[in-house]
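Novice: One structure, pasted below without further comment.
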Amino acid sequence: MGIEKFTASGLIIEDYGYLNVYKYEKWSDKVLPAYQENEVLTDCQVGMAEGQTRPPPLLNEADLIALMDKHGIGTDATHADHIETIKTRHYATLNGEGRFIPGYIGLALVDGYDQMGFAMSKPHMRANLESQLKKICRGERYILFLFLFISAAIFIFLNLRLFLIFVVLVYTFFTTGSP
1 MGIEKFTASG LIIEDYGYLN VYKYEKWSDK VLPAYQENEV LTDCQVGMAE
51 GQTRPPPLLN EADLIALMDK HGIGTDATHA DHIETIKTRH YATLNGEGRF
101 IPGYIGLALV DGYDQMGFAM SKPHMRANLE SQLKKICRGE RYILFLFLFI
151 SAAIFIFLNL RLFLIFVVLV YTFFTTGSP
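The sequence shown lines up with residues 1 to 179 when you count with the UniProt record's numbering.
Written out as structure tokens, the structure is:
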């Protein structure tokens, strides 16, 4: 194919071990033939197909719990409460297949936080908040410090917004003669 380079990925099983007797686990669809680097392949077909990317499937409750665990959000005891809050506040609803569909309120919150420059919709932020709260409970962090930090961030953001509004008003006044 001219100067195009191709790669392959998969498995090369050196020792089948328990797979010799346990026939219920299939690895054959992942196994690569024994290729050598720079080997010329003569018995293969290459084609191009048109297509579009597709979004990942919507999450069900089990998927959401797995992601919450992965990102350190909540505990086994609180996962159900978090999910119920999401549904009660209409951040998302369940469709007929038991998968979450984002609600208007949930989409607006994510968009609003993103526009303000707060990454509150990102899982690492929630995990960090929970970590800080655990430190407060253990006496390793003081709530006043956390409160002051969050308040300062909001204060700075709001003052920047007000300053930008002021600049726009002054600019408009001097360029048009009216605010």
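From the three backbone atoms N, C-alpha and C, an ideal C-beta is built for every residue, glycine too.
Please read all numbers here as calculations on a predicted model, not as lab measurements.
Given this structure, state the Cα-to-Cα distance separating ASN60 from GLU130, to the nearest angstrom.
Specialist: On the sequence shown, position 60 is the one that residue 60 refers to. On the sequence shown, position 130 is the one that residue 130 refers to. Straight-line Cα distance between these residues: approximately 23 Å.
Novice: Please state the DSSP three-state secondary structure of PHE100.
Specialist: Within the sequence shown, residue 100 is the residue found at index 100, counting from 1. Correct three-state label for PHE100: strand.
Novice: Between which two residues does the alpha helix (DSSP H) containing THR175 stretch?
Specialist: Against the sequence shown, residue 175 aligns to sequence position 175. It spans 143 to 176 - the alpha helix (DSSP H) in which THR175 sits, taken as one unbroken run.
Novice: Could you work out which residue in GLY106, GLY72, ASP69 and ASN95 is closest to ILE86 when comparing CA atoms only?
Specialist: Position 86 of the sequence shown, counted from the start, is the residue given in the question as residue 86. Among GLY106, GLY72, ASP69 and ASN95, the Cα nearest to that of ILE86 belongs to GLY106.
Novice: Compute the Euclidean distance between the alpha carbons of HIS90 and GLN36, then round it to the nearest angstrom.
Specialist: Taking the sequence shown and counting its residues from 1, one reaches residue 90 at position 90. Taking the sequence shown and counting its residues from 1, one reaches residue 36 at position 36. Distance between the alpha carbons of HIS90 and GLN36: 56 Å.
Novice: Do ALA119 and ILE73 have their C-beta atoms within less than 8 Å of each other?
Specialist: Sequence index remark: in the sequence shown, residue 119 carries index 119 (1-based). Sequence index remark: in the sequence shown, residue 73 carries index 73 (1-based). Cβ distance not < 8 Å, so ALA119 and ILE73 don't count as in contact.
Novice: Considering only the beta carbon of each residue, do GLN132 and ARG141 sit closer than 8 Å?
Specialist: Start at 1 with the first residue of the sequence shown, and residue 132 comes out as number 132. Start at 1 with the first residue of the sequence shown, and residue 141 comes out as number 141. Result yes, Cβ atoms of GLN132 and ARG141 sit closer than 8 Å.
Novice: Under 8 Å, do LEU146 and ILE136 count as touching if we go by C-beta distance?
Specialist: Translated into positions along the sequence shown, residue 146 becomes position 146. Translated into positions along the sequence shown, residue 136 becomes position 136. Cβ distance < 8 Å, so LEU146 and ILE136 count as in contact.
Novice: Under DSSP, the alpha helix (DSSP H) around LEU129 begins and ends at which residues?
Specialist: As a first step, residue 129 is located in the sequence shown; it is residue number 129 there, counting from the start. Looking at the DSSP string, the run of the alpha helix (DSSP H) that includes LEU129 is 123 to 137.
Novice: Return the Cβ separation of ILE101 and LEU58 in integer angstroms, given the expectation that the two are a contact with Cβ distance under 8 Å.
Specialist: The residue you call residue 101 lines up with position 101 of the sequence shown. The residue you call residue 58 lines up with position 58 of the sequence shown. At roughly 6 Å, the Cβ-Cβ gap stays under 8 Å, so ILE101 and LEU58 are in contact.
Novice: Please classify ALA92 as buried or exposed, where buried requires at least 16 other C-beta atoms within 10 Å of its C-beta.
Specialist: On the sequence shown, residue 92 is found 92 positions in, with the first residue counted as 1. Result: buried.
Novice: Smallest Cα separation from SER9: which of ALA34, VAL21, TYR16 and GLY17?
Specialist: The residue labelled residue 9 in the question sits at position 9 within the sequence shown. Cα-wise, what sits closest to SER9 is ALA34.
Novice: Going by Cα to Cα distance, which pick from PHE157, TYR113, ARG54 and PHE6 is closest to LEU41?
Specialist: Counted from its first residue, the sequence shown places residue 41 at position 41. Among PHE157, TYR113, ARG54 and PHE6, the Cα nearest to that of LEU41 is on PHE6.
Novice: Alpha carbon to alpha carbon, how far is ILE3 from CYS44?
Specialist: As a working mapping, residue 3 is identified with position 3 in the sequence shown. As a working mapping, residue 44 is identified with position 44 in the sequence shown. Whole-angstrom Cα-Cα distance: 17 Å.
Novice: Helix, strand or coil: which one does DSSP assign to ASN20?
Specialist: Locating residue 20 in the sequence shown gives position 20, where the first residue counts as 1. If DSSP states are grouped into helix, strand and coil, ASN20 belongs with the helices.
Novice: Beta-carbon within less than 7 Å of GLY103's beta-carbon, same chain only, minus the 5 sequence neighbours each way: which residues are those?
Specialist: Looking up residue 103 in the sequence shown gives position 103. If we look at GLY103 and ignore the five residues flanking it on each side, its Cβ neighbours are HIS90, TYR91, ALA92 and THR93.
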